[in-house]
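Last residue of the sequence shown: 545 (the working numbering), numbering continuous.
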Amino acid sequence: MAEFVKLLLTGAAGFIGFHTARALLERGDEVVGVDNLNAYYDPELKAARLAILEHKGNFRFVKLDISDRAALQELFDRERLQRVVHLAAQAGVRHSLQNPHLYVQSNIAGFLHVLEGCRQQGVEHLVYASTSSVYGANTRMPFSERQNVDHPLTLYAVTKKSNELMAHSYSSLYGLPTTGLRFFTVYGPWGRPDMALFLFTKNILAGQPIDVFNAGHHQRDFTYIDDIVKGVIAAVDHVATPDPNWNSDAPDPSSSYAPYKIYNIGNQRPVALLRYIEVLERCLGRKAQKNLMPMQPGDVPDTWADVAALARDVGYRPSTEIEEGVKRFVEWYLAYYHP
């Protein structure tokens, strides 16, 4: 994409949102960032991320909750937005077991308000966050976008699957180009404090045991944030188009006769959780005390992304090895928290 564009980026103070906004700004795009700055995790970390973005001249922040229909509508009416990167959501698989209403309010009602804004303002392309959690009870590896995903295991996954279906209806009815990205376990500097790498690091440094679920027999497609951001931006630039080969007799869930696409975005190299912990121990120079626990409700034993479609369509190539990614996270953590 040669010319710079004006984008709305929701969830701008979040982990993936912050890194994506920074990369868009650095290439010259104009970004209007929104976030409700809720207290699901440390608001000071969100404020620190925002402070970095606000040093860029082409960034403006609006504190706004996407579930506030009138406020979001007013923003769409006021700004002449070309593209939308929708990363705001109530995150966290565990949290959805305790606070289900919050997930419907933010992830379903909020997404509807985003879709409506895009429709009314004729936005060129909506790229939105989905999740590997939609694969739910599936066990055939690697996970492919062409698989059926009708057996989610958590309400969080249900809300994200709902987003994909809602996006398709808008692509079909109104010709709105939409691209959904199913993220696989993203990690790296400025990460979320509720994620395993953050929790493990904090506890190991404090001499506290770490909870290792499923006795560490999980495998996860851990994906470094810089690789994710490159994929997100490439997807933003590659506007979804109808698939001329789409067959209604044997429908491919990842594409459509409408301008609609679903992609996995992962590292395509699963790593055992115990190996991940070993790498972290080496980076910290300390051994972890492991509290081996059973599998958590709603969890899956393994994830593994087939990213062939994203590689084919936008040239996506994840390149960060787990050793390098964890090392960069630890360097950031030590510099930021001075434990």
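Glycine included, each C-beta is placed from N, C-alpha and C at the ideal position.
Considering only the alpha carbon of each residue, which of 448, 441 and 380 lies closest to residue 389? 441
Helix, strand or coil at residue 304 according to DSSP, with G and I counted as helix: helix
Flag this pair as yes or no: are the beta carbons of residue 415 and residue 539 separated by less than 9 Å? No; because the gap between Cβ atoms is not below 9 Å, this pair is not in contact.
Considering residue 295, what are the terminal residues of the beta strand (DSSP E) in which it resides? Per DSSP, residue 295 belongs to no beta strand (DSSP E) and is neither H nor E.
So, with DSSP's three-state summary, where would you put residue 239? If DSSP states are grouped into helix, strand and coil, residue 239 belongs with the strands.
By the 10 Å Cβ neighbour count, where 16 or more other Cβ atoms means buried, how is residue 456 classified, buried or exposed? exposed
Buried or exposed, going by whether 16 or more other CB atoms sit within 10 Å of the CB of residue 214? buried
At least 3 beta-carbon pairs within less than 8 Å: the stretch 425-433 vs the stretch 459-474: Three or more Cβ pairs closer than 8 Å define a contact, and the stretch 425-433 meets that threshold against the stretch 459-474.
Nearest chain D C-beta to residue 531 closer than 9 Å, yes or no? You won't find chain D in this structure, because it holds only one protein chain.
N-terminal and C-terminal residue of the alpha helix (DSSP H) that residue 361 is part of: 361-380
Cβ neighbour criterion (16 or more within 10 Å) applied to residue 417: exposed
Does residue 507 pass the burial test, meaning 16 or more other C-beta atoms within 10 Å, or should it be called exposed? exposed
According to DSSP, is residue 434 part of a helix, a strand, or is it coil? helix
List the endpoints of the continuous alpha helix (DSSP H) containing residue 408. 402-412
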